[in-house]
Every structure is written in C-alpha cells, then in structure tokens.
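Structure first, commentary second.
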Amino acid sequence: MVYKTTGDILVNFGRGEMTPYVLTYDDLGMACATGEGFTPFLTSFEAVGSKPNRLSVLMNTMAATCSDAMAIEEELRYLRAMNRGDVTEAQDARSAQKRWAQLSAKRQYEAYQRTVKQYGEVETLDDCPRLRQDFDEIVFMTGLLSGVQSLLNDAASDVSQGIPRDIAAKVERAAQCLDNEKWWGVPRGIRASLWNILPMIAPDNVDAMAELRQAAQLGFDSGVRLSSTLYVISAYSTGNDEEVRNGLRDFAQNADNLNPDYAMMDAIGGFMLLGISDRLWTEATGKRTPFGGLGTFWDDRSSDESINIDDLL
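Counting from 0, one number per residue, gives the positions in the sequence shown under numbering that gives the first Met the number 0.
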C-alpha cells in the first residue's frame with residue numbers, strides 16, 4: 000500500500016507539475032536524460048498498482064531523442080567515410096547507426112503501445128477517446144507521432160523490431176480525434192505526411208504537400224513549429240529536394256515569437272530538422288550544417304565569399 004501510494008503521488012505530480020515544467024525547456028539534452036533516467040523508475044510502480052501509462056508515453060518519447068541523436072551521428076560518420084572511400088569505416092558506422100535506430104524504434108513503439116493501452120485504438124471516429132484535459136491530448140498526440148517515428152526507425156534498422164505496418168493507417172485515423180487549430184496544425188500534418196509517404200491511404204484528389212504547407216503555416220502562426228517538421232520529413236522521405244529546402248528555410252525564418260509553454264515540442268522539431276540538414280550538408284561537403292546555419296545551403300554562397308577563419312581554428 001505504501002508503494003502504491005508513492006507511485007500514485009509520483010504519477011499525479013508528473014502529470015500536474017513535472018510535465019508542464021519540462022515542456023517549457025528547450026534543452027533536449029535535459030529531455031533525453033529525463034527520459035532515460037526516469038522511465039524505468041516510473042514504470043516500475045505499475046507492478047504495485049499505479050498507472051503510469053500517460054507519463055510513460057512522454058518519457059519513452061524523450062528517451063528516444065537520445066538514441067535518435069546517436070543514430071544521426073553514426074549516419075554522418077558513414078557519409079564522411081563514403082566521401083573518403085573508406086569502406087570499412089562506412090560499414091562500421093552503418094552498423095552502429097542501425098543499432099541506435101533499433102533502440103529508437105523500440106522506445107517509440109513502447110510509447111505508441113502505451114497510448115493504445117490508455118486510450119484504445121481508433122477504428123472509426125466514433126471510437127475517439129474522451130480526452131478530458133490538455134494533458135491527455137498532448138499524450139495522445141505524442142503517442143501518434145511516436146508511432147510514425149517507430150516505423151521509420153524500424154525501417155532504418157532493417158525491420159529489426161518487426162513493428163506492424165498497419166500503424167500508419169491507425170495513426171492517420173486517430174489524428175482526426177484532435178483539434179487541428181488548437182494543436183498547431185500537427186493533427187492535419189500527421190495525416191498529410193502519411194498521405195504523401197503512403198498514397199494508398201490518402202483520400203481521392205488530395206494534395207498532400209499543399210495540406211502540409213497549410214499545417215506548417217498554422218504552426219508558425221501558433222509559435223510551435225512541429226507541423227513544419229512533419230512537412231520537411233515527409234518531403235525528405237519522398238526525395239523532394241526542393242520542398243525540403245523550402246521547409247528548412249521557412250522553419251529557420253520563423254524562429255521568433257515562439258510559444259514558451261511548449262518550447263520542448265518546438266525544440267524536438269528543430270532537432271529533427273537539423274539532423275536532415277546535417278545529412279544534406281555532409282553528403283555534399285563532407286561536413287555538417289555550419290553553426291547557426293540551419294536553413295542555409297552550401298550552394299547559396301557566391302564562389303568568392305570569404306571564409307570565416309574562426310571555423311578553421
């Protein structure tokens with residue numbers, strides 16, 4: 000009874016106090032450490048009757064930013080090795096990247112499964128869960144995003160986790176249960192990004208990229224640019240280089256008047272886009288995006304532009 004009471008207090012504190020506080024952080028290292036360090040402790044109270052599902056969704060998602068960051072670093076090492084023609088180094092980096100992607104997929108799928116356990120699956124709009132508080136809506140939305148990310152990371156790790164492919168269609172339906180205007184265009188952005196990547200689940204005569212642009216603009220207007228991240232990821236996944244560049248530039252140019260209450264959500268979006276930018280820069284030049292250079296590209300500069308000597312020191 001003492002343990003359950005302790006667990007219930009922790010869960011209630013996490014929902015009412017810790018989560019709103021953490022969402023104001025833009026320090027992803029802090030989110031990563033919180034997710035990795037707090038998740039096992041929190042979920043252990045499930046064994047004595049506490050119900051940490053909702054917090055576990057958020058904690059596993061934050062923990063996945065750690066492994067995502069390492070996967071990106073290994074992918075950049077792979078690209079640099081390929082540029083040098085170092086096959087052994089490239090093979091080693093690719094293996095390491097897949098290991099980290101596998102871990103991300105595992106954590107993100109856990110977040111999605113916890114979401115389903117808490118709120119159920121949405122087969123039709125009549126199955127939409129009753130989301131009583133903003134906290135429930137944030138958890139539900141985060142779980143859907145993690146479901147999509149788990150599929151991408153599972154694919155990057157040679158389907159090592161065997162995550163069901165039908166998650167995409169389930170997430171597309173479930174996203175309709177959220178208010179698009181209230182949540183910065185993310186619900187529509189989730190659906191449109193899946194329509195763009197998987198045209199077979201798209202409604203007839205829908206322009207997925209146009210829907211993504213509208214969602215991204217709503218995010219800019221709301222001060223949380225997460226829907227812009229979905230726009231760029233979707234364009235990158237389909238090899239649309241022009242839209243990727245446009246999306247990265249727009250994201251960087253809309254960095255003012257951000258909503259401080261959801262700084263973490265915006266920071267996670269920025270982290271994911273910086274990873275894409277780093278890949279593009281490394282493929283083209285052998286080095287990652289210059290410091291403070293998100294939204295710029297190696298071929299933007301004139302050939303006679305002077306080099307900043309500080310970057311060489």
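Using N, Cα and C, we set each Cβ at its ideal position, and we do this for glycine too. Since we're looking at a predicted model, the values are computed, not measured.
Taking DSSP as the reference, what is the three-state secondary structure of E136?
In the sequence shown, counting from the first residue as 1, residue 136 sits at position 137. Helix, per DSSP.
Looking at R106: is its Cβ nearer than 9 Å to the Cβ of A63?
Here residue 106 refers to the residue found at position 107 of the sequence shown. Here residue 63 refers to the residue found at position 64 of the sequence shown. In this structure, A63 lies closer than 9 Å to R106 by Cβ.
Using 9 Å as the threshold, is the C-beta distance between G246 and S221 below it?
Reading the sequence shown from its first residue, position 247 is the one you call residue 246. Reading the sequence shown from its first residue, position 222 is the one you call residue 221. No; because the gap between Cβ atoms is not below 9 Å, this pair is not in contact.
Could you name the residues of the same chain whose beta carbon sits closer than 8 Å to that of E120, not counting the 5 residues immediately before and after it, in chain order?
Residue 120 sits at position 121 when you count from the first residue of the sequence shown. Cβ within range, chain order: D126, K169 and A173.
If contact is defined by three or more beta carbon pairs under 8 Å, each pair taking one atom from either stretch, is the region 28-45 in contact with the region 77-84?
Flag = no, the region 77-84 and the region 28-45 do not touch.
Could you give the C-beta distance for S236 and I196, rounded to a whole number, given that I count them as a contact under 8 Å?
As a first step, residue 236 must be located in the sequence shown, where it is residue number 237. As a first step, residue 196 must be located in the sequence shown, where it is residue number 197. Right, their Cβ atoms sit about 5 Å apart.
For N242, name the three-state secondary structure that DSSP assigns.
The count along the sequence shown starts at 1 and reaches residue 242 at position 243. Looking at the sequence itself, residue 242 is Glu, so the reference to Asn does not match. It is helical.
For L41, the nearest candidate out of D7, C31, Y20 and E180 (CA to CA):
The count along the sequence shown starts at 1 and reaches residue 41 at position 42. Selected option, being the one with the closest Cα: D7.
May I have the straight-line CA-CA distance separating E282 from N239, to the nearest angstrom?
Counting from one through the sequence shown, the residue named residue 282 turns up at place 283. Counting from one through the sequence shown, the residue named residue 239 turns up at place 240. The straight-line gap from Cα to Cα measures roughly 16 Å.
Beta carbon of A104, beta carbon of N152: below 9 Å?
Translated into the one-based positions of the sequence shown, residue 104 becomes position 105. Translated into the one-based positions of the sequence shown, residue 152 becomes position 153. In this structure, A104 sits near N152, with a CB-CB distance shorter than 9 Å.
Distance check for V86 and I137, CA to CA, integer angstroms please.
In the sequence shown, counting from the first residue as 1, residue 137 sits at position 138. In the sequence shown, counting from the first residue as 1, residue 86 sits at position 87. I137 and V86: Cα-Cα distance of roughly 44 Å.
In three-state DSSP terms, what is R190?
In the sequence shown, the residue the question calls residue 190 occupies position 191. Helix at R190.
L217 and E180 closer than 9 Å at C-beta:
In the sequence shown, residue 217 corresponds to position 218, counting from 1. In the sequence shown, residue 180 corresponds to position 181, counting from 1. Yes, Cβ-Cβ distance for L217 and E180 is below 9 Å.
Grab the span of the alpha helix (DSSP H) containing F40 for me, first residue to last.
Taking the first residue of the sequence shown as 1, we reach residue 40 at position 41. Looking at the DSSP string, the run of the alpha helix (DSSP H) that includes F40 is L27 to S43.
Could you give the uninterrupted runs of the alpha helix (DSSP H) lying entirely in the region 193-234, keeping only those of 4 residues or more?
If only complete runs of 4 or more residues are kept, the region 193-234 shows the alpha helix (DSSP H) at 207-221, in order along the chain.
In chain order, what residues of the same chain lie with their CB nearer than 7 Å to the CB of E73, ignoring the 5 residues before and after it?
By one-based count along the sequence shown, residue 73 stands at place 74. Closer than 7 Å at the Cβ level, and outside the excluded window around E73, lie A92, A95, Q96 and W99.
Within this structure, are the beta carbons of G84 and P51 separated by less than 9 Å?
Residue mapping note: residue 84 aligns to position 85 of the sequence shown, counting from 1. Residue mapping note: residue 51 aligns to position 52 of the sequence shown, counting from 1. No, they are not a contact pair.
Less than 9 Å between the C-beta atoms of S149 and A110, yes or no?
What you label residue 149 is simply residue 150 of the sequence shown in a count that begins at 1. What you label residue 110 is simply residue 111 of the sequence shown in a count that begins at 1. Taking 9 Å as the Cβ cut-off, S149 and A110 qualify as a contacting pair.
Measure the C-alpha to C-alpha separation of L22 and V147 and round it to an integer number of angstroms.
Reading the sequence shown from its first residue, position 23 is the one you call residue 22. Reading the sequence shown from its first residue, position 148 is the one you call residue 147. Distance between the alpha carbons of L22 and V147: 21 Å.
What is the C-beta distance between A214 and L193, in whole angstroms, given that I count them as a contact (C-beta under 8 Å)?
The sequence position of residue 214 within the sequence shown is 215, counting from 1. The sequence position of residue 193 within the sequence shown is 194, counting from 1. The C-beta separation of A214 from L193 comes to about 12 Å, leaving the pair out of contact by the 8 Å criterion.
Pick from G161, C176, R224 and D203 that is closest to R212, judged by C-alpha positions:
Here residue 212 is taken as the residue at index 213 of the sequence shown, counted from 1. Among G161, C176, R224 and D203, the Cα nearest to that of R212 is on R224.
So, helix, strand or coil for F270, using DSSP?
Here residue 270 corresponds to residue number 271 of the sequence shown, with the count starting at 1. If DSSP states are grouped into helix, strand and coil, F270 belongs with the helices.
Three-state class that DSSP yields for W297 in the structure shown:
In the sequence shown, counting from the first residue as 1, residue 297 sits at position 298. In the structure shown, W297 sits in coil (DSSP, three-state: anything other than H, G, I, E or B).
Less than 9 Å separating the beta-carbons of L57 and T18?
For this step, residue 57 is matched to residue 58 along the sequence shown. For this step, residue 18 is matched to residue 19 along the sequence shown. Closer than 9 Å, so yes.
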